[in-house]
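Asks:
Residue numbers (UniProt numbering): 1 to 164.
1) Can you look up residue 111 in the DSSP assignment and give me helix, strand or coil?
2) So, with DSSP's three-state summary, where would you put residue 63?
3) Out of 79, 81, 80 and 64, which has the shortest C-alpha to C-alpha gap to residue 73?
4) Do residue 94 and residue 78 have their C-beta atoms within less than 9 Å of each other?
5) Could you check whether residue 137 and residue 22 sit closer than 9 Å to each other, using their CB atoms as the reference points?
6) What does a CB cutoff of less than 6 Å around residue 156 pick up in its chain, not counting 5 residues either side in sequence?
7) When the Cα of residue 43 is compared with those of 142, 28 and 133, which residue comes out closest?
8) Based on the DSSP secondary-structure assignment, which residues constitute the bridge partners of residue 21?
9) Quick check: what's the CA-CA separation for residue 40 versus residue 91?
10) State buried or exposed for residue 143, treating a residue as buried only when at least 16 other CB atoms are found within 10 Å of its CB.
11) Counting only the same chain and skipping the five closest in sequence on each side, list residues whose C-beta sits under 7 Å from that of residue 145.
12) Helix, strand or coil, according to DSSP, for residue 53 in the structure here?
13) Here's the rule I'm using: 16 or more other beta-carbon atoms within 10 Å means buried, otherwise exposed. How should residue 104 be labelled?
14) Can you tell which of 106, 121 and 129 has its C-alpha closest to the C-alpha of residue 19?
15) List the residues that DSSP assigns as beta-bridge partners of residue 135.
16) Over the uninterrupted beta strand (DSSP E) stretch that includes residue 82, give me the two end residues.
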């Protein structure tokens, strides 16, 4: 019986082994450069980064999702990272939270300095962008009602906290 259980566990481990980036089935984990390019496109904001030396960074301007609605702003979902949290008149643009940013395995394998074969400066740049993106969601989602609104507005998938 114990041998049968061990075989079942091995089979389960094989079937749960991911071959693609969590939430992004078109991005193969087998090709590291594809993952890196995807992360650059999805997270990096090079033009905005050039403003950092002259811009005042102040997170007090980031209102929770429910407060965006109270202010009369419509939430517009965008996939462009450079538009994330940009608001104009009665609209605020928000990039959905990528599922892989909620994965400990993803952070450990792709964004830590344990693998010397990857370009350290590129990894560090992407890491900073990922941390900043997660930080923005810490301001956007402050209450349970913000979670419900994020799911309703497609900024956050309701199953993002379920294991794959």
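All C-beta atoms in this analysis are idealised placements derived from N, C-alpha and C, irrespective of residue type, glycine included.
Replies: Taking the geometry as given:
1) Stepping through the chain shown from its first residue, residue 111 is reached at position 111. Reduced to three states, the DSSP call for residue 111 is coil.
2) As a first step, residue 63 is located in the chain shown; it is residue number 63 there, counting from the start. Residue 63: coil per DSSP, three-state reduction.
3) Start at 1 with the first residue of the chain shown, and residue 73 comes out as number 73. When only C-alpha atoms are compared, the closest one is 64.
4) Counted from its first residue, the chain shown places residue 94 at position 94. Counted from its first residue, the chain shown places residue 78 at position 78. In contact: residue 94 and residue 78 (Cβ atoms closer than 9 Å).
5) Counting from 1 along the chain shown, the entry for residue 22 is found at position 22. Counting from 1 along the chain shown, the entry for residue 137 is found at position 137. For residue 22 and residue 137, no; Cβs fall outside 9 Å.
6) Taking the first residue of the chain shown as position 1, residue 156 is located at position 156. 97 and 150.
7) Position 43 of the chain shown, counted from the start, is the residue given in the question as residue 43. Of the candidates 142, 28 and 133, the residue whose Cα lies closest to the Cα of residue 43 is 133.
8) Position 21 of the chain shown, counted from the first residue, corresponds to residue 21. The partner list for residue 21 (beta bridge, DSSP) reads 24.
9) Within the chain shown, the letter at position 40 stands for residue 40. Within the chain shown, the letter at position 91 stands for residue 91. For residue 40 and residue 91, the distance between alpha carbons rounds to 26 Å.
10) The residue given as residue 143 occupies position 143 in the chain shown. Counting Cβ neighbours within 10 Å, residue 143 comes out exposed, since fewer than 16 surround it.
11) The sequence position of residue 145 within the chain shown is 145, counting from 1. For residue 145, where only same-chain residues beyond five positions count, the Cβ hits under 7 Å are 66.
12) By one-based count along the chain shown, residue 53 stands at place 53. A caution first: residue 53 carries a pLDDT of 49, below 50, which makes its placement in the model too unreliable to give a value.
13) The residue given as residue 104 occupies position 104 in the chain shown. Exposed, because fewer than 16 other Cβ atoms sit within 10 Å of the Cβ of residue 104.
14) As a first step, residue 19 is located in the chain shown; it is residue number 19 there, counting from the start. In terms of Cα proximity to residue 19, the closest of 106, 121 and 129 is 106.
15) Taking the first residue of the chain shown as position 1, residue 135 is located at position 135. Note: residue 135 sits in no beta bridge, so no partner.
16) For this step, residue 82 is matched to residue 82 along the chain shown. Careful: residue 82 lies outside any beta strand (DSSP E) and carries neither H nor E.
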